[in-house]
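Here is the structure we will look at.
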Amino acid sequence: MANLIDIKGVTHAYKTDNGPLPVLDDLNISVPEGDFCAVVGPSGCGKSTLTKLIAGLMKPDQGEVWLHGEKVTSPRSTVGMAFQNPVMLEWRTILQNVLLPLEIVPNKMSKREKEERGRELLALVGLEGFEDKRPSELSGGMRQRASLCRAIVHKPDVLIMDEPFGALDAFTREDLWQTMHALRAEEPFTGVLITHDLRESVYLADEVIVLSGRPATTQHVENVKLDGRTDLEVIYTPEATEILHRLRHQIEIAQGRAKDEEAA
Amino acid sequence: MKTFRKIATPMIAIVIFLVFWEFIVWVNQWPNYKMASPSDLIPAYAKYWNLFLIYGWQTLWRTVVGLLVAVVFGTLIGMIMGFSRTMRDALYPLLVGFNAIPKATVVPVIALILIGQHDLNTVLIAFMISFFPISVAVSIGLSTLEPEYRDILRSLGASKWTIFWKIALPKTLPEFFGALKVAVTLAFIGTNLMEIVEPHGKGLGHLFDSGKINADYPLMFAVLIALAFLGILLYYIVVALEKIFAGWAERPQG
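Residue numbers (this note's numbering), protein chains in the order written: chain A, 1 to 264; chain B, 1001 to 1254.
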């Protein structure tokens, strides 16, 4: 299958008062269509910059980003985004929040079709009955679920997620992981997941890319297609543990120290 | 029952206030040139009710027009400062400086520049005294918009105008209404400043002045209470608008 996302030799630096601050250095990433790719790396290594480049919100200094065989030069409606902050619009109901992209992206759906689509997605993530509630009436995990619905309501080819579960408690996070698998089973999309949780990356992604410290370049690519992955137990298999160990080691290399024992 | 409570509570508070006022005056045996009591005001209203209506209307409409100009101009300045850092840096000291000038000193200047244009002068002062909080609120609301809010629309290729209309504007509304509540009372101060400092025979300020000249002390107090009443009226109109347009920002109290 062709690669849906191709990042070719991307180098980027931020302009600061103390001169340019390089964040990405000759970064190459390819994600085949339908795959789910997790990007992990030390904090501050340019992961969020990467999401902005793929979304076309920024242009790289050097190198190219290709989506669907087209060079990305500006934002495009075939991309969906979800952030750590679910950014719900408080003055809209949950359903109206989910339907927001359909007000921007050109489409031929009638008002009723849009609503049906929104309700379907909300039911899929377990938010049936909350359509007409305000975001302030929902818990953090529920808001993040709604935010995921909004990110894919316009059937984007690419779903970009920047630490979407980072602010949630451990149990809610695990629930959301399973929701992600449920969504993937129903909605075909290619995913890029930025995360700092190695277990999350192993549970959700088809491949995990470890970035080096700043300026980031691809340090290691790990293929993780575990069997029967929708079951959380899979994280505790010896196979998964082995992968986690390898990733942990790579992160330590990226951090430039080998003694850090922070639990993954 | 809930609405009844909502209306009854402030009403009872007002009645208690009036009784307390009456009591203080009675206990101290103050003559009405020292402090008129609420019972002194009733004859004043009965005697001059038609003047209260005419002058009250003049004060009210000029305040409202001044306030509307302040809303338009204040929002515009706020938008300019909210979207552009350079403009914010450039305009803030000017605005703060302008706001720091006591408007009582501006009144004679305006009255001289636009001599004879009483309505315009009054509207102008009401506007000048009340636009500042609106500008500040709008600019802060827009400049503190989290980048993610912009990014969810920007990543779909939305235009700047769409982002403003769908996100920045509604998100700023609670701050805007908060400032508008302050601006309402300020605008009344502005109107009366012009009516009293540069009297031109219009508005409740003029009625106050004539009470002073004729040593009609109950009338002076009656004007003050009438002004307070207009202030409360306009304030609650703003509250009603806030409920309609920014009611979502109100959290249920638990």
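Virtual Cβ for every residue (Gly too), placed ideally from N, Cα, C.
Spell out whether any CB of chain A is found under 9 Å from the CB atom of E1175/B.
-> no
In chain A, which residues lie with their C-beta within 9 Å of the C-beta of T1162/B?
-> E103 and I104
Entirely enclosed beta strand (DSSP E) segments - the region 35-61 of chain A, minimum 3 residues = 36-40
For G141/A versus T172/A, is the C-beta spacing smaller than 9 Å?
-> yes
Output the distance between the C-alpha atoms of E1022/B and V1015/B, rounded to the nearest integer angstrom.
-> 11 Å
Which stretch, first to last residue, makes up the beta strand (DSSP E) that contains A13/A?
-> N3 to T16
Can you list the residues of chain A that R1154/B reaches, using a CB-CB cut of under 8 Å?
-> L57 and P75
Hey, does G1178/B have any beta-carbon neighbour from chain A nearer than 9 Å?
-> no
Within chain A, the residues that W1248/B reaches when beta carbons sit closer than 7 Å | E90, W91 and R134
Quick one: list the residues of chain B neighbouring V39/A, beta-carbon separation under 9 Å, in chain order.
-> By Cβ distance, chain B contributes nothing, its closest Cβ being about 17 Å from V39/A, past 9 Å.
Identify, in the order they occur along the chain, each residue of the same chain with its Cβ nearer than 6 Å to the Cβ of I1080/B, setting aside the five sequence neighbours on each side.
-> M1087
Below 8 Å on the Cβ atoms is my guess for R145/A versus G126/A; work out the distance and round it to an integer in Å.
-> 7 Å
Around the Cβ of K1103/B, are there at least 16 other Cβ atoms within 10 angstroms (buried) or fewer (exposed)?
-> buried
Where the alpha helix (DSSP H) through D175/A begins and ends = A170 to E186
Opening and closing residue of the beta strand (DSSP E) in which S30/A lies | G19 to P32
Compile a chain-ordered list of the residues in the region 154-176 of chain A whose CB is closer than 7 Å to at least one CB of chain B.
-> none
Residues near H68/A in its chain [Cβ-Cβ closer than 8 Å; skip 5 each side] | L4, T78 and D157
Extent of the continuous beta strand (DSSP E) run through L1169/B | It is not in any beta strand (DSSP E) - L1169/B instead sits in the alpha helix (DSSP H) that spans L1169 to V1197.
Excluding sequence positions up to five away, which residues of its chain have a Cβ less than 6 Å from the Cβ of F83/A?
-> D162
Which one of N18/A, P135/A, E70/A and N107/A has the shortest CA to CA distance from E1250/B?
-> P135/A
Looking at A1222/B and Y1055/B, is the spacing between their C-beta atoms short of 9 Å?
-> no
Could you say if the region 1174-1194 of chain B and the region 114-126 of chain A meet the contact criterion of at least three C-beta pairs nearer than 8 Å?
-> no
Does the distance from the C-beta atom of V1123/B to that of L1095/B stay below 9 Å?
-> no
Rounded Cβ spacing between V983/B and K1181/B (contact assumed at less than 8 Å) | With chain B covering 1001 to 1254 only, the question about residue 983/B has no answer from this structure.
Going by DSSP, name the residue or residues bridged to I1213/B.
-> Its beta-bridge partners do not exist; DSSP assigns none.
Alpha-carbon to alpha-carbon, D169/A and D26/A | 35 Å
Look up G191/A in the DSSP assignment and say whether it is helix, strand or coil.
-> strand
For I1101/B, which of helix, strand or coil comes out of DSSP?
-> coil
Whether L95/A touches E70/A by CB criterion (9 Å) = no
According to the Cβ coordinates, are R214/A and L244/A closer than 9 Å?
-> no
Reducing DSSP to helix, strand and coil, say where N97/A ends up.
-> helix
Segment contact flag, the region 45-56 of chain A with the region 4-17 of chain A, C-beta cutoff 8 Å, min 3 pairs | yes
Could you list which residues in chain B have their beta carbon closer than 8 Å to that of V31/A, in chain order?
-> Result: empty, since nearest Cβ-Cβ is about 17 Å, beyond 8 Å.
Measure the C-alpha to C-alpha separation of I253/A and S212/A and round it to an integer number of angstroms.
-> 8 Å
Near E186/A, which residues of its chain fall below 7 Å by C-beta distance, leaving aside the five closest residues on each side in sequence?
-> L124
Three-state class that DSSP yields for N223/A in the structure shown | strand
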